[in-house]
Ligand code: IPM
Ligand code: MG
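In this note's numbering, the protein residues as written are 27 to 381.
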């Protein structure tokens with residue numbers, strides 16, 4: 027198959043980690059006889075420097091016209107002084123909205139080889155950590171009006187029934203394919219938008235009698251994720267709650283550097299990115315963990331290109347790499363062999379076998 031992949035390297039460690047993911051994709055192409063064409067697109071701080079805009083229309087168009095987008099990370103202290111609507115992150119938000127990718131899927135799964143890297147007690151980790159956060163991605167407070175008037179700042183949070191329903195369906199469908207348990211997370215004891223969220227989820231539940239729906243307040247959920255993560259199968263939640271809970275969920279699996287994500291909308295053209303940021307403090311030092319990006323590329327093959335075997339091959343290669351005791355600095359532990367970003371990519375390529 028021939029696929030056109032828009033590639034956004036971005037800022038900080040972005041270019042380094044994307045480079046390793048492309049090495050892995052090239053190996054997959056070679057093994058399975060595919061052609062992946064890469065179309066470079068600029069977004070984030072580097073686009074501000076080049077065009078004075080974090081996501082010029084031309085760059086967004088490249089992404090919309092592609093078969094899917096692979097993204098490293100954007101942002102950094104250098105652009106902290108830039109006004110809110112021109113910040114690097116604004117480019118990312120405009121990309122997500124422009125592509126219409128309302129459903130963000132963030133797995134929190136512990137690799138058995140990394141159980142020691144989790145900050146949780148062994149007795150908790152041993153019960154298992156394997157759940158998915160389905161995060162609404164193009165609504166809520168992120169996309170409401172933002173303004174500052176004198177000494178007052180205003181951020182508006184809005185959700186409509188249809189926005190909640192379409193992400194709710196993804197939550198139910200995801201749970202249906204897994205353990206059939208969906209936990210809807212909101213703050214319905216305080217927010218109107220959360221009360222609407224809960225109502226819509228319960229209405230949808232009638233269409234999914236095989237899925238068990240539960241409700242949880244977001245503050246309690248933050249606690250439950252560290253107390254008893256084994257209780258979760260699929261969590262569905264709104265944009266900002268999903269942002270916060272997914273960082274927490276990633277950390278209990280060992281390192282945020284390991285976690286990929288997919289974002290999809292109405293078409294198969296998806297956006298694939300690690301959930302971590304641009305880590306400017308370690309940029310250019312060959313220290314970053316590229317696995318979150320490499321696994322994002324695997325998700326792209328699985329969810330957008332219908333290449334499940336190719337995706338399995340990448341995940342197996344990551345597992346083999348970990349089995350052999352290689353670790354980047356973020357997940358380094360005693361007795362393991364520390365490697366840099368480039369070597370990590372090379373070793374994963376070396377372990378990539380056709381399944
Ligand atoms: C994420 C990030 C982004 C978000 C930032 C960079 C805008 O934290 O993908 O989780 O808040 O969505
Ligand atoms: Mg985040």
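Idealized CB from N, CA, C, for every residue including glycine.
In the DSSP annotation of this structure, residue 345 is not part of any beta strand (DSSP E); the continuous alpha helix (DSSP H) holding it starts and ends at 334-349. Annotation: residue 60 is outside any alpha helix (DSSP H) and is labelled neither H nor E by DSSP. At a cut-off of 7 Å, the beta-carbon of residue 301 counts as near ligand 2: some heavy atom of the ligand is closer than that. Looking at the backbone, the Cα of residue 182 and that of residue 265 are separated by about 13 Å. For residue 77, the enclosing alpha helix (DSSP H) covers residues 71-77. Residue environment for residue 212: buried (at least 16 other C-beta atoms within 10 angstroms of its C-beta). Around the beta-carbon of residue 158, 16 or more other beta-carbon atoms lie within 10 Å, marking it buried. Among the bridge pairs identified by DSSP, residue 364 is matched with 353. In this structure residue 139 is buried. Its beta-carbon is surrounded by 16 or more other beta-carbon atoms within 10 angstroms. Proximity to residue 174 across 109, 343, 251, 320 peaks at 109, based on C-alpha coordinates. CA-to-CA, the gap between residue 295 and residue 270 works out to about 26 Å. Per the coordinates, the alpha-carbon of residue 312 lies some 11 Å from the alpha-carbon of residue 371. Residue 85 carries a helical assignment under DSSP once its states are collapsed to helix, strand and coil. The distance from the Cβ of residue 69 to that of residue 44 is about 12 Å, inconsistent with a contact at the 8 Å cut-off.
Shortest Cα-Cα distance from residue 292 to any of 362, 122, 83, 355 involves 122. Taking all protein chains shown into account, residue 180 has fewer than 16 neighbouring C-beta atoms within 10 Å of its C-beta and is therefore exposed.
When C-beta atoms of the stretch 132-149 are compared with those of the stretch 232-245, fewer than three pairs fall below 8 Å, so the two segments do not count as touching.
With a cutoff of 8 Å on beta-carbon distance, residue 279 and residue 357 are scored as not near each other. Look at residue 131 here: in three-state DSSP terms it is strand. Boundaries of the beta strand (DSSP E) around residue 242: 238-243. Of all residues, those with a beta-carbon under 6 Å from at least one heavy atom of ligand 2 are 269, 273, reported in chain order. Out of 363, 297, 147, 167, the CA that lies nearest to the CA of residue 253 is found in 147. For residue 32, the enclosing beta strand (DSSP E) starts and ends at 28-36. Residue pairing by DSSP puts residue 157 in a beta bridge opposite 134. In this structure, ligand 1 has no non-hydrogen atom nearer than 7 Å to the beta-carbon of residue 183. Scanning 381, 277, 199 for the CA closest to the CA of residue 135 turns up 277. Of 37, 35, 42, 55, the smallest CA-CA separation from residue 335 is found for 55. Rounded to whole angstroms, residue 132 and residue 262 show a C-alpha spacing of 10 Å.
Taken from the Cβ of residue 124, every heavy atom of ligand 1 lies 7 Å or farther away.
Nearest to residue 102 by alpha-carbon distance, out of 39, 93, 161, is 39.
Counting only residues of its own chain and dropping the five nearest sequence neighbours on each side, residue 340 has a CB closer than 8 Å to the CB of 50, 54, 320, 321, 323, 324, 327, 374, 378.
Looking at the DSSP output, residue 179 shares a beta bridge with 174.
The three-state reading of DSSP puts residue 295 in coil, since its state is none of H, G, I, E or B. Fully enclosed alpha helix (DSSP H) runs of no fewer than 4 residues occupy 187-202, 218-231 of the stretch 185-249, in order along the chain.
Using a C-beta cut-off of 8 Å, the stretch 84-98 makes contact with the stretch 113-127, since at least three inter-stretch Cβ pairs fall below that distance. Per DSSP, the beta-bridge partners of residue 66 are 33.
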